[in-house]
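Protein chains in written order, with my numbering: chain A, 1206 to 1563; chain B, 1206 to 1563.
Structure, as structure tokens:
Below is the structure:
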């Protein structure tokens, strides 16, 4: 994502990330200072600092600030920065709980929170469950704090009225999207409908649409402007996830930082796999169904799956879908009444995000 | 707790519970109506309805409404009822996640959320983890909704300024209290300090002090009035938990609805056990340390522990502590400048809660 820093001012992603990170670290300091009787709190604030420092593209805060600049060229007030940071804190919650649910060992090249916490209790017979339970509490704290961020002295009743329903929808959609994902994982189907719904709620709305709308709404966007931003955000968010699914199977682990076996071992429900299943011959079906979702899947098995994804045309069809969704997003942008500097940046962002290799 | 309904109007606990429950069920209906594209949401709203219907004394909403009436005889506005319901929704979150952490099978005589959800997936090899993960999401939704409850059209900026820090403190204290509890469980110590801290954060502040202060603060209480209410709430909350600990070992399962072996099997860190360990002879120490926290503990083992708790005087000392804490709470009430009708009710409540058998 480093190419983003070449984008036009005032949308300087590096500067936006720094401002948001300062908000996050300052907030954690304040939480510690507000609870001098609870020295154990520093275990949690420390873990969150480590988690945030370890990585993350800050896409949601970036889009929140972009949403503001889509509507106005006034500099964003403190409440906008707090809302942007709130999204990143919520994301920390979501990832910490997701990692528990997926039983993941690493995140951003570091041990996941529950693994790191289990290690702290090595020697206790229940070290693993103490680690998992403490990580659940860590996620719970992060979620609570994501709302506490909105306790900004300069937030107006009108802004609150706009922010609350958006954040409520974002949370409900994301958590139900996560449920759809975990209920579908492991039982692949040729019907892409469920994969599309997971993409819509777990990624397109959560990662792109809601953050953009949050910033725009705080800037006083009209209903028409919000609709235009949704018209851009939803197809772009879909393209983003389709790219992610391809990277999960074909990516360079050196660049993505994740194995190309995990999604296949887990049996992740994707449009890519659904399309392959729909187009596969009986033999190809057998290959997919016997390999996909097998926790002991080897590199050889993965190569067999990749061969079927190519031979059925599912890989090429996914690339075409990304391209179509990208076009759809750009068309919506062209028709929208947004500030030109922001339109240019959103165009640039759409290109970067759909053609990325990491 | 049925005796509470004999208390003076306008503090009619039965009526308060009904109003709060109506708020909760109406809220869940609204969430479903707001997300017609997400039919899967009804799985979660349905589970929460079942969870709330299965039981619960609604102590926190009751104390929140009481806090209001401690300060004013005006009828509570909608925001007060929403704040009271918010506490119960937060409590649903806390119990659902606690039950996962404690690996509990039942709650209020029904299967816990993660067990009920695992049963829905019977036949899947990963039924248990799908059940646990879905229950985590259910808890996450309930926590988020507990804040959404405060999105009340009639809440003023001044009230928000009062409510946010209180709810932030309540959440941090409760979650860190839960951490103290899970980190200490299974390794009993003769030092009662850690048990007192768990009581303070996980019960006294969470169950009594913060709910009372929330209602009072919304009614516009002065700092002096809030301090007086804390002076009542903290010792009463401590006495409440000490009684709970005694009921966990000596209670009548017919009345309490829970086994008298669970706390002992789990190795729950209590003031009762810490005092016994501090006073025990070498032989008594051996009995306690070999039986306490043993997951296979039998009725005979439990009887041996009870004999040590009695012989060391720990049981009697705990009863004395309850009595002292009760007196301390009543003294604080006498010195406080609260509306008489409310003082009378709080006196009645303190008696009921410390002498309860269920």
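C-beta atoms are modelled at their ideal positions from N, C-alpha and C, and glycine is treated no differently.
Of the residues the options, the one placed nearest residue i, counting alpha carbons only
i: residue 1334 (chain A); options: A:1342, A:1328, A:1323, A:1344; result: A:1323
i: residue 1232 (chain B); options: B:1288, B:1270, B:1303; result: B:1288
i: residue 1436 (chain B); options: B:1491, B:1555, B:1394, B:1462; result: B:1555
i: residue 1330 (chain A); options: B:1392, B:1496, B:1401, B:1504; result: B:1392
i: residue 1404 (chain B); options: B:1248, B:1442, B:1414, B:1276; result: B:1442
i: residue 1543 (chain B); options: B:1427, B:1471, B:1458, B:1489; result: B:1427
i: residue 1351 (chain B); options: B:1245, B:1398, B:1297; result: B:1297
i: residue 1239 (chain B); options: A:1343, A:1294, A:1520, A:1374; result: A:1374
i: residue 1358 (chain B); options: A:1355, A:1356, A:1357, A:1364; result: A:1364
i: residue 1230 (chain A); options: A:1254, A:1246, A:1247, A:1221; result: A:1254
i: residue 1304 (chain B); options: B:1476, B:1216, B:1321, B:1502; result: B:1321
i: residue 1499 (chain A); options: A:1483, A:1469, A:1477; result: A:1469
i: residue 1285 (chain B); options: B:1313, B:1420, B:1510, B:1227; result: B:1420
i: residue 1564 (chain A); options: A:1256, A:1366, A:1456; result: Nothing can be reported for residue 1564 (chain A): it is not among the residues displayed for chain A, which extend from 1206 to 1563.
i: residue 1353 (chain B); options: B:1410, B:1313, B:1292; result: B:1292
i: residue 1451 (chain A); options: A:1306, A:1473, A:1317, A:1477; result: A:1477
i: residue 1366 (chain B); options: B:1411, B:1425, B:1218; result: B:1425
i: residue 1502 (chain B); options: B:1515, B:1484, B:1471, B:1301; result: B:1471
i: residue 1447 (chain A); options: A:1416, A:1432, A:1408; result: A:1408
i: residue 1438 (chain A); options: A:1481, A:1264, A:1316; result: A:1264
i: residue 1237 (chain B); options: A:1518, A:1522, A:1377, A:1294; result: A:1377
i: residue 1242 (chain B); options: A:1260, A:1308, A:1402; result: A:1402
7 Å Cβ cut-off: residues of chain A touching residue i
i: residue 1338 (chain B); result: 1306, 1387
i: residue 1376 (chain B); result: 1349
i: residue 1384 (chain B); result: 1245, 1339, 1342
i: residue 1413 (chain B); result: Within 7 Å Cβ-Cβ: nothing; residue 1413 (chain B) doesn't reach chain A, min ~17 Å.
Helix, strand or coil at residue i according to DSSP, with G and I counted as helix
i: residue 1358 (chain A); result: coil
i: residue 1311 (chain A); result: strand
i: residue 1428 (chain B); result: helix
i: residue 1368 (chain B); result: helix
i: residue 1446 (chain A); result: helix
i: residue 1336 (chain B); result: helix
i: residue 1552 (chain B); result: helix
i: residue 1435 (chain B); result: helix
i: residue 1222 (chain B); result: helix
i: residue 1329 (chain A); result: coil
i: residue 1241 (chain A); result: coil
i: residue 1562 (chain A); result: coil
i: residue 1216 (chain B); result: coil
i: residue 1566 (chain A); result: The structure shown does not extend to residue 1566 (chain A), since chain A spans only 1206 to 1563, so no value can be given for it.
i: residue 1547 (chain A); result: helix
i: residue 1227 (chain B); result: helix
i: residue 1557 (chain A); result: helix
Beta-carbon neighbours of residue i, restricted to chain B and to distances below 9 Å
i: residue 1369 (chain A); result: 1352, 1353, 1355, 1356
i: residue 1323 (chain A); result: Per Cβ cutoff of 9 Å: no residues; residue 1323 (chain A) is ~13 Å from chain B at best.
i: residue 1362 (chain A); result: 1360, 1361, 1362, 1365
Check: residue i C-beta below 8 Å from any heavy atom of the ligand MN
i: residue 1371 (chain B); result: What this structure holds is no ligand at all, so the ligand MN is not there to describe.
Listed by chain order, chain A residues near residue i by CB distance under 9 Å
i: residue 1381 (chain B); result: 1240, 1243, 1245, 1246, 1248, 1249, 1342, 1346
i: residue 1373 (chain B); result: 1236, 1239, 1349, 1350, 1352, 1353, 1356
Interface partners of residue i on chain B, CB under 8 Å
i: residue 1331 (chain A); result: 1391
Test: residue i CB closer than 9 Å to a CB of chain C
i: residue 1302 (chain A); result: The structure shown contains no chain C; its protein chains are A and B.
Interface residues of chain B facing residue i [CB-CB closer than 7 Å]
i: residue 1225 (chain A); result: Within 7 Å Cβ-Cβ: nothing; residue 1225 (chain A) doesn't reach chain B, min ~20 Å.
Closer than 8 Å at the beta carbon, the chain A residues around residue i
i: residue 1335 (chain B); result: 1387, 1388
- Secondary structure, beta strand (DSSP E): runs of 3+ residues fully inside the region 1244-1323 of chain A: Segments of the beta strand (DSSP E) lying fully in the region 1244-1323 of chain A: there are none.
- Query: Considering only residues of the region 1375-1421 of chain A, which uninterrupted beta strand (DSSP E) runs meet the minimum length of 3 residues and lie entirely inside it, listed in chain order?
  - Reply: Here no run is fully enclosed.
- Message: Report the start-end ranges of each alpha helix (DSSP H) in the region 1449-1532 of chain B that is 4 residues or longer and not cut off at the edges.
- Response: Listed in chain order, the complete alpha helix (DSSP H) runs (minimum 4 residues) inside the region 1449-1532 of chain B are 1458-1461, 1467-1471, 1476-1484, 1487-1496, 1504-1516.
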